[in-house]
Amino acid sequence: MRSNGLLRSRGTLAELFSGRANSFGLLRLALATSVVVSHLYPLGYGHLDPLWKHSGEQTDIGKMAVVGFFVLSGFMITGSGRRTGIGRYSWHRVLRIMPGLWGSLLISTLVIMPLLYQYLHGTMDGFWNHPAGPWHYLKGTWNTSLTSGWDVSGVIADGVHRGTNHDQSVNGALWSLKYELLCYVMVGMLAAGGVLLKARRFVPLAALALWVLIVNDWLDAPSMRHGIPGDMSTSVNVPLLGPMSTHFLIHLGFVFLLGATVQLYREKVPVHDGLALLSLVALAVTMRYGGLFVIGYPAFAYLLFWLAIRLPSPFQRIGRNRDFSYGIYIYGFTVEQALAMLGFVKYGKIGFLACALAGTVVLAAISWYLVESPAMRLKNWTPRPLARRQERRAAAAAAAGPQGEDAEGVRAGHSDHPSVRA
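Residue numbers 1 to 422, in full-length UniProt numbering, belong to the letters of the sequence shown in order.
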């Protein structure tokens with residue numbers, strides 16, 4: 001039996017992780033709130049949050065939160081890819097991301113921006129027929145590509161011109177969603193090819209390859225203790241998703257694959273208090289002296305999984321039945337832009353943040369109850385022709401007896417069995 005003393009091993013992640021008894025909900029909520037806190041500074045006051053300076057301009061609170069999201073997402077999405085067939089997996093991913101996004105786009109573009117335009121100009125003349133108006137914006141953002149610009153009818157640009165706003169985007173937080181979608185596609189391809197079940201070593205090898213690229217950039221950087229290593233300016237065009245930064249493809253792909261590797265090898269990942277302490281020290285040291293991307297990211301990833309297991313049980317109930325984290329992430333930026341334009345910065349950072357969080361949580365709750373949760377209730381929906389086909393297969397298997405049922409199960413694929421649906 002493992003000791004429960006200080007700095008002792010608690011077992012492996014496979015032994016201790018439960019689909020419901022974990023603190024992933026709390027962690028996601030904390031990460032989403034951290035993004036709102038981070039955006040408070042550039043949107044309200046024109047400068048990055050304090051972590052940017054204290055980390056030697058390696059990162060800020062918001063980017064670390066995005067890294068955390070990708071680590072947790074890599075773990076959970078890879079688990080879903082292993083349990084479900086490619087059709088069901090794809091359907092689940094669409095339901096989790098797109099309805100909430102579309103609701104956010106409609107609210108921000110057709111409600112918040114018109115109200116701000118009226119506030120700025122005293123009329124709606126010129127809003128709906130603006131060359132970069134709401135329809136133009138929606139056309140380029142509905143699939144996360146962000147190919148039609150960041151503003152709607154010049155509303156935010158007017159705020160910048162008047163000195164109330166410092167960033168010319170309606171919702172700059174949406175930048176990471178297309179990287180998330182691309183990771184989902186990657187997991188789907190790996191699952192369809194049998195890699196997740198039969199060749200799982202490919203995933204850590206891919207993570208290692210990306211890590212080597214990050215190390216190479218770090219070693220070639222003018223300063224190994226300061227700034228972001230690598231070229232931030234290059235991009236590649238991805239079909240449907242538009243231009244994507246090579247830097248973020250590598251860095252976010254790496255941390256996503258870290259989470260995926262932990263999922264695939266969780267029977268080998270120890271949950272150890274000593275390793276958590278070592279990871280915390282490594283994260284703090286690399287924040288201060290450089291190497292965050294090389295050593296700090298893996299350390300941060302381990303800390304997240306350790307917290308998911310080791311936080312007391314009351315914390316494990318947070319977000320279990322109501323997950324507002326996605327709504328907070330996709331609404332927070334727009335709410336802060338609107339409040340900045342309305343002059344809420346006069347209440348100071350604490351007052352501005354309190355108002356922003358209050359407005360964001362209200363919209364996130366509306367999104368959850370009216371959009372996200374109803375959409376997720378469709379996760380087991382099956383098109384009628386496919387459902388009939390499955391019924392015929394099941395009837396034929398039952399008529400053939402136990403031996404025929406086993407054979408039919410192999411031909412049809414176990415991924416459609418209700419017990420393994422995500």
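For glycine and all other residues, C-beta sits at the position ideal for the given N, C-alpha and C.
Bear in mind that the values here come from a model prediction, so they are computed numbers and not experimental data.
| query | result |
| --- | --- |
| Start and end of the beta strand (DSSP E) containing N237? | 235–238 |
| Taking only the alpha-carbon atoms, compute the straight-line gap between R83 and K379 and give it to the nearest angstrom. | 14 angstroms |
| Please report the straight-line C-alpha distance between G359 and V215, rounded to a whole angstrom. | 41 angstroms |
| Measure the C-alpha to C-alpha separation of T78 and I330 and round it to an integer number of angstroms. | 23 angstroms |
| Enumerate in chain order the residues of its own chain whose CB-to-CB distance from A375 is below 6 angstroms, with the five nearest sequence positions on each side excluded. | L95, P99 |
| Identify which residue in S367, W306, G62 has its Cα closest to the Cα of W175. | G62 |
| Helix, strand or coil: how does DSSP classify G103 here? | helix |
| I want to know whether the region 99–110 touches the region 286–300 - three or more CB-CB distances under 8 angstroms. | no |
| At the level of alpha carbons, what is the spacing between Q263 and L208? | 16 angstroms |
| Note down, in chain order, each residue of its chain lying with its Cβ closer than 7 angstroms to the Cβ of A14, except the 5 sequence neighbours on either side. | R266, E267 |
| Kindly indicate which residue of L181, L120, H47 has the alpha-carbon position closest to the one of N143. | L181 |
| Can you tell me whether A284 is buried or exposed, with buried defined as 16 or more other CB within 10 angstroms of its CB? | exposed |
| Under three-state DSSP, which class holds G154? | coil |
| Would you mind giving the Cβ-Cβ distance between G149 and A132, rounded to the nearest angstrom? I have them listed as a contact below 8 angstroms. | 6 angstroms |
| Select from S90, K178, V203 the residue whose C-alpha is nearest the C-alpha of L249. | K178 |
| List the endpoints of the continuous beta strand (DSSP E) containing P383. | Careful: P383 lies outside any beta strand (DSSP E) and carries neither H nor E. |
| Should Q118 go down as buried or exposed, given a rule of 16 or more other Cβ atoms within 10 Å for buried? | exposed |
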